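Chemist:
2 protein chains.
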Amino acid sequence: MMKDYTFDDYKNLIEEHLMDFIPDIDHKSITLYESMKYSLASGGKRIRPVLLLAACDFCGGKREEALPYACAIEYIHTYSLIHDDLPCMDNDDLRRGMPTNHKVYGEAVATLAGDGLQAAAYEAMSRDMFFYFDDIDALKRRIRAAYEISRGSGCRGIVAGQIADIAAEDKSCSKEMLDYIHLTKTSALIIAAVRAGAQLGNADEETLENLTVYAENLGLAFQICDDILDVEGSEEEMGKKAGMDSINKKATYPALYGLEQSKTRLDNLTQTSINALKKYYDNAEVFVKLAKDLAVRGK
Amino acid sequence: MMKDYTFDDYKNLIEEHLMDFIPDIDHKSITLYESMKYSLASGGKRIRPVLLLAACDFCGGKREEALPYACAIEYIHTYSLIHDDLPCMDNDDLRRGMPTNHKVYGEAVATLAGDGLQAAAYEAMSRDMFFYFDDIDALKRRIRAAYEISRGSGCRGIVAGQIADIAAEDKSCSKEMLDYIHLTKTSALIIAAVRAGAQLGNADEETLENLTVYAENLGLAFQICDDILDVEGSEEEMGKKAGMDSINKKATYPALYGLEQSKTRLDNLTQTSINALKKYYDNAEVFVKLAKDLAVRGK
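Now the structure itself:
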């Protein structure tokens, strides 16, 4: 791993190339392009693509070659946010301090921008594979990466999580169900990011497994942190209205366990995620720092 | 090509295996599975997967091995119908004579069922590739097939078409724009179906090109046929309310050219599509019959 690459270095690399893998869109469908770009460009922490690039580096791969997959996972994450914000879902007017996609372009275009971003992710990954037709091992790594991403974004990943999240609204939610929602809704795509990056870097089984444990716990920590901020944070910190989980009767950690226990769990998850990479402390800095920063944010 | 396989034989093969490539979904997200299955099982002509299997056979491939791709393209087609029917899009209550997905499961679940079906398509195709890690040529054919499908379903395919279709509502639409809408909205995924099948069958460049011309014209004929039926057909024939295009002020061939010219164009497109395969008349029966049946339906 190139030790001198920080989270922000990775993030800048993503920002620079984020539109590179969106296919050329005919001017007759220009609204589609504009609405996709609007949501892609509206900031965000880029945690998933950074983790993908960092995992690739960490395992000895070339980060530039992982860019189509890093951007693909950000396209998928962005599509899921656009659809989650729709009036029939969470009905949010603000995202990252800006009007949500449907507030600017209307519900029809927002729905299609999401659909288009999901398709663009797979088009980008399939197209990339053509460049490796002469290198069977590189090709296999890419197929494995695309599979990880498809798995995390599908019916056992973010879509399953969002369905369960909606189903749990207004109802008493079991602890088992809450764990399931957070694992699918948040951890699944974060796991996919590190695993796809690790596959691209040709990771051995043990490293892949340790990175997976890191990502699973980081994902859960991430969701609890969001839940805590929704209770304690300001609209400015959140980039959207705070207190909405409670108004929407969402199943959250604070609602089920209280704030104090939620914070303890956030600490434990952070520690577990960092411990999974203890063995590699020397060059796992980006991963460790990300987990620690997250824990501070949720304090 | 196995000459004894008819359209219905292919269709039966699809019906039998249509759920095989949907991933195991946790019971906590059972509504997702049910709503996806509801729309998949609600009939439909299965034209795209049949064309994919037939093109694979036609070029000398094994149809059973093409099944994951055939089902994937039907998942994508089905997701696009679920989203097209949403209140924010075409707002249809009926599809194939049954209540549309959102009428049964609500808008949120319908949106997610569509998202899940698109993801399932790519998960199925990526997973299938693992079985061919020892056969590099077979692997390349599968990557090409997946790319064709991603291209037809994306920002230059059905999503572009649906955006342009919505943008053209209530407005005067140029002939160029109408052609663009029909090419992207309908032909793109039909072209993807035959090209993906041809790639899986290891087609040579000339056959691939001829099948593409066939599919492009068939797709346009298909859309004009639908437009004509919306004017002249009954609710029974359509499986949904007739006359909706006119009420929604959709850009259609009959609206722009009148019924007579639309029928002439349908005939011409049918003839052009059949002529593209003239060279192979002996074993292109399924393709020729499909085009002819379509032309009769629109008379």
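Quick mapping for you: the protein sequence lines, in order, are chains A and B. Following our numbering, the numbering of the first sequence begins with 258 at its first residue and continues without gaps. Following our numbering, the numbering of the second sequence begins with 258 at its first residue and continues without gaps. All C-beta atoms in this analysis are idealised placements derived from N, C-alpha and C, irrespective of residue type, glycine included. In this text the structure is predicted, and so the values were computed from the model without any measurement.
Mind reading off the beta-carbon distance from leucine 275 (chain A) to isoleucine 282 (chain A)? Whole number of angstroms is fine, and I expect it under 8 Å.
Modeler: For the purposes of this step, residue 275 (chain A) is taken as the residue at position 18 of the first sequence. For the purposes of this step, residue 282 (chain A) is taken as the residue at position 25 of the first sequence. The Cβ separation is near 15 Å, so there is no contact.
Chemist: With 8 Å as the threshold, decide whether the Cβ of tyrosine 437 (chain A) is near any Cβ in chain B.
Modeler: As a first step, residue 437 (chain A) is located in the first sequence; it is residue number 180 there, counting from the start. By this cut-off, tyrosine 437 (chain A) is an interface position.
Chemist: So is cysteine 473 (chain B) in contact with chain A if we call contact Cβ pairs under 8 Å?
Modeler: Taking the first residue of the second sequence as position 1, residue 473 (chain B) is located at position 216. Sequence inspection shows glutamate at residue 473 (chain B); the cysteine mentioned does not correspond to that position. False, the Cβ-Cβ gap to chain A never drops below 8 Å.
Chemist: Rank A:Leu516, A:Phe544, A:Lys536, A:Ser383 by C-alpha distance to the C-alpha of threonine 527 (chain A) and give the top, closest one.
Modeler: In the first sequence, the residue the question calls residue 527 (chain A) occupies position 270. Of the candidates A:Leu516, A:Phe544, A:Lys536, A:Ser383, the one whose C-alpha sits nearest the C-alpha of threonine 527 (chain A) is A:Phe544.
Chemist: With a threshold of 8 Å between beta-carbons, can methionine 259 (chain A) be considered close to chain B, or not?
Modeler: On the first sequence, residue 259 (chain A) is found 2 positions in, with the first residue counted as 1. Low local confidence applies: a pLDDT of 47 at methionine 259 (chain A) is under 50, so the model's placement there is unreliable, with the coordinate-based value given in what follows. Methionine 259 (chain A) does not count as touching chain B.
Chemist: Report yes or no: is there a C-beta of chain B within less than 8 Å of the C-beta of proline 280 (chain A)?
Modeler: Numbered from its first residue, the first sequence carries residue 280 (chain A) at position 23. Proline 280 (chain A) counts as touching chain B.
Chemist: Could you name the residues of chain A that glycine 411 (chain B) contacts, counting a contact when the two beta carbons are closer than 7 Å?
Modeler: In the second sequence, residue 411 (chain B) corresponds to position 154, counting from 1. Near glycine 411 (chain B) (Cβ distances below 7 Å), the residues of chain A are Pro280, Gly373, Ala376, Ala377, Glu380.
Chemist: Does DSSP put proline 306 (chain B) in a helix, a strand or coil?
Modeler: Position 49 of the second sequence holds residue 306 (chain B). Three-state DSSP puts proline 306 (chain B) in a helix.
Chemist: Which residues share a DSSP beta bridge with leucine 351 (chain B)?
Modeler: Along the second sequence, one-based indexing puts residue 351 (chain B) at 94. In the DSSP output, where bridge partners are listed per residue, leucine 351 (chain B) has B:Pro356.
Chemist: So with CB distances below 8 Å, who are the chain A contacts of aspartate 404 (chain B)?
Modeler: Along the second sequence, one-based indexing puts residue 404 (chain B) at 147. The question names aspartate, but residue 404 (chain B) in the sequence shown is tyrosine. Those within 8 Å of tyrosine 404 (chain B) in chain A are Glu380, Ser383, Arg384, Met386, Phe387.
Chemist: I'd like the span of the alpha helix (DSSP H) that includes leucine 343 (chain B), first residue to last.
Modeler: Position 86 of the second sequence, counted from the first residue, corresponds to residue 343 (chain B). No alpha helix (DSSP H) holds leucine 343 (chain B); DSSP gives it neither H nor E.
Chemist: Would you say serine 296 (chain B) faces chain A, with C-beta separation under 8 Å as the test?
Modeler: Position 39 of the second sequence, counted from the start, is the residue given in the question as residue 296 (chain B). Closer than 8 Å: no.
Chemist: Please state whether the Cβ-Cβ distance between arginine 398 (chain A) and leucine 457 (chain A) is less than 8 Å.
Modeler: Indexing the first sequence from 1 puts residue 398 (chain A) at position 141. Indexing the first sequence from 1 puts residue 457 (chain A) at position 200. Against a cut-off of 8 Å, the Cβ pair of leucine 457 (chain A) and arginine 398 (chain A) comes out as a contact.
Chemist: Using 8 Å as the threshold, is the stretch 400–416 of chain B in touch with the stretch 441–461 of chain B, meaning 3 or more CB pairs across them?
Modeler: Cβ pair count under 8 Å is three or more, so yes.
Chemist: Measuring only between beta-carbons, confirm whether phenylalanine 544 (chain B) sits less than 8 Å from chain A.
Modeler: For the purposes of this step, residue 544 (chain B) is identified with residue 287 of the second sequence, where counting begins at 1. It does not: the Cβ of phenylalanine 544 (chain B) has no partner Cβ on chain A nearer than 8 Å.
Chemist: In whole angstroms, give me the CA-to-CA distance for isoleucine 438 (chain B) and aspartate 422 (chain B).
Modeler: Here residue 438 (chain B) is taken as the residue at index 181 of the second sequence, counted from 1. Here residue 422 (chain B) is taken as the residue at index 165 of the second sequence, counted from 1. Cα to Cα, the separation comes out at about 6 Å.
Chemist: Within this structure, are the beta carbons of arginine 305 (chain B) and isoleucine 330 (chain B) separated by less than 8 Å?
Modeler: Along the second sequence, read from residue 1 onward, the residue named residue 305 (chain B) stands at position 48. Along the second sequence, read from residue 1 onward, the residue named residue 330 (chain B) stands at position 73. Going by C-beta atoms, arginine 305 (chain B) is nearer than 8 Å to isoleucine 330 (chain B).
Chemist: Take every Cβ of the stretch 263–280 of chain A, pair it with every Cβ of the stretch 308–327 of chain A, and state whether three or more of those distances are shorter than 8 Å.
Modeler: Cβ pair count under 8 Å is three or more, so yes.
Chemist: Quick check: what's the CA-CA separation for valine 488 (chain B) versus glutamate 494 (chain B)?
Modeler: Mapped onto the second sequence, residue 488 (chain B) falls at position 231. Mapped onto the second sequence, residue 494 (chain B) falls at position 237. Taking the straight line from one Cα to the other gives about 12 Å.
Chemist: May I have the straight-line CA-CA distance separating glutamate 426 (chain B) from methionine 434 (chain B), to the nearest angstrom?
Modeler: Start at 1 with the first residue of the second sequence, and residue 426 (chain B) comes out as number 169. Start at 1 with the first residue of the second sequence, and residue 434 (chain B) comes out as number 177. Going from the Cα of glutamate 426 (chain B) to the Cα of methionine 434 (chain B) covers about 12 Å.
Chemist: Once you ignore the five residues that flank glycine 317 (chain A) on each side, which residues in its own chain have a CB closer than 7 Å to its CB?
Modeler: The count along the first sequence starts at 1 and reaches residue 317 (chain A) at position 60. Contacts found: Gly458, Asn459.
Chemist: For methionine 355 (chain B), return the contacting residues in chain A, with the cut-off set at a CB-CB distance below 7 Å.
Modeler: Reading the second sequence from its first residue, position 98 is the one you call residue 355 (chain B). What methionine 355 (chain B) touches in chain A: nothing, since even the nearest Cβ is about 21 Å away.
Chemist: Strictly below 7 Å CB to CB, what residues from chain B border tyrosine 419 (chain A)?
Modeler: Position 162 of the first sequence holds residue 419 (chain A). It should be noted that the sequence gives glutamine, not tyrosine, for residue 419 (chain A). Under the 7 Å cutoff, chain B gives Leu369.
Chemist: Shortest alpha-carbon distance to cysteine 557 (chain A) belongs to which of A:Phe390, A:Asp385, A:Thr441?
Modeler: The structure shown has nothing for residue 557 (chain A), since chain A only spans 258 to 556.
Chemist: State buried or exposed for valine 553 (chain A), treating a residue as buried only when at least 16 other CB atoms are found within 10 Å of its CB.
Modeler: As a first step, residue 553 (chain A) is located in the first sequence; it is residue number 296 there, counting from the start. Result: exposed.
Chemist: I want to verify the contact list: residues of chain C whose CB lies under 7 Å from the CB of leucine 343 (chain A), in sequence order.
Modeler: No chain C appears in the structure shown, which is made up of the protein chains A and B.
Chemist: 8 Å is my cut-off, CB to CB: does histidine 340 (chain B) come that close to chain A?
Modeler: Residue numbering aside, residue 340 (chain B) sits at position 83 when the second sequence is read from its first letter. Interface residue, yes.
Chemist: What three-state label does DSSP hand lysine 507 (chain B) in the structure shown?
Modeler: Taking the first residue of the second sequence as 1, we reach residue 507 (chain B) at position 250. Note: lysine 507 (chain B) maps to coil in three-state DSSP.
Chemist: Pull out every residue of the stretch 323–336 of chain B whose Cβ sits closer than 9 Å to any Cβ of chain A, in chain order.
Modeler: Listed by position, the residues of the stretch 323–336 of chain B near chain A (Cβ gap below 9 Å) are Ile333, Tyr336.
Chemist: Under 9 Å Cβ-Cβ, which residues of chain A neighbour valine 361 (chain B)?
Modeler: Sequence index remark: in the second sequence, residue 361 (chain B) carries index 104 (1-based). Within chain A, no residue comes near valine 361 (chain B); the closest Cβ sits about 14 Å away, beyond 9 Å.
Chemist: So, with DSSP's three-state summary, where would you put aspartate 261 (chain A)?
Modeler: Locating residue 261 (chain A) in the first sequence gives position 4, counting from the first residue. Aspartate 261 (chain A) falls in the coil class under three-state DSSP.
Chemist: Whether or not the stretch 466–483 of chain B and the stretch 332–352 of chain B are in contact is what I'm after, with contact meaning three or more pairs of Cβ atoms, one per stretch, closer than 8 Å; do they touch?
Modeler: Counting Cβ pairs under 8 Å, fewer than three are found: no touch.
Chemist: Tell me, please, whether the CB atom of leucine 396 (chain B) is closer than 8 Å to any CB atom in chain A?
Modeler: Position 139 of the second sequence, counted from the start, is the residue given in the question as residue 396 (chain B). It does: the Cβ of leucine 396 (chain B) has a partner Cβ on chain A nearer than 8 Å.
Chemist: Mapping DSSP to helix, strand and coil, what is aspartate 484 (chain B)?
Modeler: Counted from its first residue, the second sequence places residue 484 (chain B) at position 227. In this structure, aspartate 484 (chain B) counts as helix in the three-state DSSP scheme.
Chemist: Distance cutoff 8 Å, beta carbons only. Does alanine 541 (chain B) sit that close to anything in chain A?
Modeler: Taking the second sequence and counting its residues from 1, the one referred to as residue 541 (chain B) is at position 284. Taking Cβ atoms only, chain A never reaches closer than 8 Å to alanine 541 (chain B), which makes this a no.
Chemist: From which residue to which residue does the alpha helix (DSSP H) around asparagine 532 (chain A) run?
Modeler: If you number the first sequence from 1, residue 532 (chain A) lands on position 275. 516–532 is the extent of the alpha helix (DSSP H) around asparagine 532 (chain A).
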